[in-house]
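What follows is one structure encoded as structure tokens, with my remarks underneath.
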């Protein structure tokens, strides 16, 4: 068994990325980029342990994709994410890479491992072939190296080095700060880092996302409550009653949230906004939906359409259908023609027929964000 742990850093916000999806969630055929990279790198060697460092809001969703890896919550900096990963690392060596290095060839990984005993850290680099000017002075290009990942470190030394209050942009900088030795090996042009999004077109290892459509259903029920404002689909309704609920009780939006989460396989509304959490007491459901819409975009999907059925004796829905449709379309960032609202009664049967509450059923469809067309 290998004495190396592989760590894939995937917890970033993609703040410089110019596409609407977070880079780690771009779909490569049917896989998110982080899984595609992790699967590829893990096949290059018999690593003892493989750690995927995830954003705190995405870690539970990541765990749905594979049981082969260990998932660790990342920090708000690259270095803090490394510290968190190293807490779960017991091997003599650790190989750390950024998910943005999507096409690292096997030869680089093999060469790192081959040289692991030759320094405190082994680092792949690219040489500079062009003339280099720094502050108006031409400098010796042979002294310039472009640093890449993965980098292979002695675990104990890297653990100590990353405890520093100083932030390092890569592992070798941290190792050198403690006097550790560095061995540079040949990197690869294929290890280009995805930073802004334009780099993707030059990476031959990435397949475009497939054209699958994902469907989800949602249902929500709320009983009426006297002397409470009624909000339905983000719209204030003229009614003598509102909805009994921990939040504002917007039964339509809650149903849509569950449909969206169902379509992308992310659980249900209660997992994101527990009804026993004080911070959601009286919460505006429009803000909850906006959070979910952003989450769906972050993890690589686009909303195609939603279809809603409102089952109610009162209030009468028809006078509000157009404004609810417009409001929901704006919240979902889709054309209002792609929001369909149907309303019916229960023919005086059951709790709806007795005018005790409302039921809303929703369906939603999603597709993968197509980064090849942006």
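Residue numbers (my numbering): 91 to 464.
Just so you know, even glycine gets a beta-carbon here, dropped at the ideal spot from N, CA and C.
- The Cβ atoms of residue 377 and residue 324 do not sit closer than 7 angstroms to each other.
- Here the alpha carbons of residue 350 and residue 289 stand approximately 31 angstroms from one another.
- For residue 278, same chain residues with a beta-carbon under 6 angstroms away, outside a window of 5 residues either side, are 195 and 198 in chain order.
- Counting C-beta atoms within 10 angstroms of its own C-beta, residue 268 has fewer than 16 neighbours from the protein chains shown and is therefore classed as exposed.
- Taking a cut-off of 8 angstroms for Cβ pairs, the stretch 405 to 417 and the stretch 427 to 445 touch, as three or more such pairs fall below it.
- Within the model, the alpha-carbon separation for residue 158 versus residue 338 is close to 41 angstroms.
- Under the criterion of beta carbons closer than 8 angstroms, residue 218 and residue 234 qualify as touching, at roughly 4 angstroms.
- Residue 359 sits away from residue 402, with the two beta carbons spaced by 7 angstroms or more.
- Exposure of residue 231 is indicated by the presence of fewer than 16 other C-beta atoms within 10 angstroms of its C-beta.
- Shown here, residue 425 sits in coil according to DSSP, grouped into three states, outside any helix or strand.
- In the DSSP annotation of this structure, the continuous segment of the beta strand (DSSP E) that includes residue 97 starts and ends at 94 to 100.
- DSSP, reduced to helix, strand and coil, places residue 293 outside both helices and strands of the structure shown, so it counts as coil.
- According to the DSSP assignment, residue 261 belongs to the alpha helix (DSSP H) that extends over 261 to 267.
- The beta-carbon distance between residue 327 and residue 410, rounded to whole angstroms, is 6 angstroms. This is short enough to meet the 8 angstroms contact definition.
- The alpha carbon of residue 246 has as its nearest neighbour, out of 175, 314 and 259, the alpha carbon of 175.
- Short of 7 angstroms from the beta carbon of residue 248, and not among the five residues preceding or following it, lie these beta carbons of its own chain, in chain order: 176, 184, 261, 264 and 265.
- DSSP places residue 241 in no alpha helix (DSSP H) but in the uninterrupted beta strand (DSSP E) bounded by 241 to 244.
- Residue 292 has its alpha-carbon roughly 27 angstroms from the corresponding atom of residue 203.
- Taking the Cα positions, residue 284 is about 27 angstroms away from residue 423.
- Secondary structure of residue 136 (DSSP, three-state): coil.
- Within the DSSP bridge table, the entry for residue 306 names 454 as partners.
- Per DSSP, residue 392 is one residue of the beta strand (DSSP E) stretching across 391 to 401.
- Restricted to the stretch 183 to 267, the beta strand (DSSP E) segments that are unbroken, complete and at least 3 residues in length are 183 to 188, 211 to 217, 222 to 224, 227 to 229, 235 to 237 and 241 to 244, listed in chain order.
- Residue 191 is a Cβ neighbour of residue 239, given a cutoff of 7 angstroms.
- Across the set 128, 101, 371 and 151, the C-alpha of 151 shows the shortest separation from the C-alpha of residue 354.
- Residue 407 sits close to residue 400, with the two beta carbons spaced by under 7 angstroms.
- Counting only residues of its own chain and dropping the five nearest sequence neighbours on each side, residue 156 has a CB closer than 7 angstroms to the CB of 125.
- When DSSP reads this structure, residue 122 sits in a beta bridge with 117.
- Distances from the CA of residue 253 to each of 172, 273, 142 and 272 were compared; the closest alpha carbon is that of 172.
- Here residue 314 really is in contact with residue 333; their C-beta atoms are around 7 angstroms apart, less than 8 angstroms.
- Each of 311, 364 and 282 was checked against the Cα of residue 294, and the nearest Cα belongs to 282.
- Spatial neighbours of residue 181 in its own chain (CB-CB distance under 8 angstroms, excluding positions within 5 residues in sequence) are listed in chain order as 92, 93, 94, 95, 138, 139 and 245.
- Under the three-state reduction of DSSP, residue 376 is assigned to helix.
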